[in-house]
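Report on the following structure.
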Amino acid sequence: MFLWIAFNAAYADEREFQSIAPGERAAFLDFFGKLVALDHEKRIYKALWQRFTGPVRLLMENRYVFNPFWQYHNGIDGYEDWEARFKASAKSFTQAFQAGDTARVLSFVFDRLYVLRNQLVHGGSTWNSGVNRTQVRDGAAILAFLLPVFVDLMMENPEQEWGKPFYPVVQ
Numbered sequence: 187m188f189l190w191i192a193f194n195a196a197y198a199d200e201r202e203f204q205s206i207a208p209g210e211r212a213a214f215l216d217f218f219g220k221l222v223a224l225d226h227e228k229r230i231y232k233a234l235w236q237r238f239t240g241p242v243r244l245l246m247e248n249r250y251v252f253n254p255f256w257q258y259h260n261g262i263d264g265y266e267d268w269e270a271r272f273k274a275s276a277k278s279f280t281q282a283f284q285a286g287d288t289a290r291v292l293s294f295v296f297d298r299l300y301v302l303r304n305q306l307v308h309g310g311s312t313w314n315s316g317v318n319r320t321q322v323r324d325g326a327a328i329l330a331f332l333l334p335v336f337v338d339l340m341m342e343n344p345e346q347e348w349g350k351p352f353y354p355v356v357q
């Protein structure tokens, strides 16, 4: 959870992320695109394609961290086709991965991590349970590696517009 808080602090404007439908998070993708463009050492790329390729693949194959699955299981209209969406998402992810599209791959990964985060925050995965432990462990490892890279890139590029913090210190 602390890692997600750190990510939100870097991302600056969670409102945009929450207001855009899953799969259409343009502002989120822009943020990742900016980071990737500034990552001349390809630290993000190497993390996704080398260090975390297994955990990323497992996240993408797991329906329990796919938002439309939960929309359907919570009786929300319009999600009866969650399985087709899941397959389409997997295909889009594979295309992005094969094309080396780091920003899109990050977007897919963070979509899944956001669902996992919601499960933790809203009690769907609880302390010391067996539910989603592998995903929690892998997600924490991915965030623990990537967040310092994101912060480094932001600090190395202060001239970039990173957005205004939504909850700045107010005196």
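Here the sequence shown stands for residues 187 to 357, where the numbers follow the numbering used here. Cβ atoms here follow ideal geometry from the backbone N, Cα and C, with glycine treated the same way. Since we're looking at a predicted model, the values are computed, not measured.
With distance defined between alpha-carbon atoms, name the residue in the options nearest to residue i.
{"i": "Leu221", "options": "Pro354, Gln281, Arg290", "result": "Arg290"}
{"i": "Lys273", "options": "Asn248, Asn318, Gln321, Tyr258", "result": "Asn248"}
Would you identify the three-state DSSP class for residue i, choosing helix, strand or coil?
{"i": "Val307", "result": "helix"}
{"i": "Pro334", "result": "helix"}
{"i": "His259", "result": "helix"}
{"i": "Lys273", "result": "helix"}
{"i": "Trp268", "result": "helix"}
{"i": "Phe283", "result": "helix"}
Can you list, in chain order, the residues of its chain with a C-beta nearer than 7 Å to that of residue i? Leave out the 5 residues immediately preceding and following it.
{"i": "Ala326", "result": "Leu189"}
{"i": "Val242", "result": "Leu234, Val295"}
{"i": "Arg271", "result": "Pro254"}
{"i": "Ser293", "result": "Arg211, Phe214, Leu215, Phe218"}
For residue i, collect the residues of the same chain with a Cβ closer than 8 Å to its Cβ; drop the 5 residues on either side in sequence, then sort them by chain order.
{"i": "Gly316", "result": "none"}
{"i": "Glu210", "result": "The predicted model places Glu210 with a pLDDT of 46, which falls under 50 and marks its position as unreliable, so this point remains unresolved."}
Three or more C-beta pairs under 8 Å: does that hold for the segment 325-340 against the segment 213-230?
Taking 8 Å as the limit for Cβ pairs, the verdict is that the segment 213-230 does touch the segment 325-340.
The segment 297-304 / the segment 276-285 touching (three or more Cβ pairs under 8 Å):
Contact between the segment 297-304 and the segment 276-285 is absent, because fewer than three Cβ pairs lie under 8 Å.
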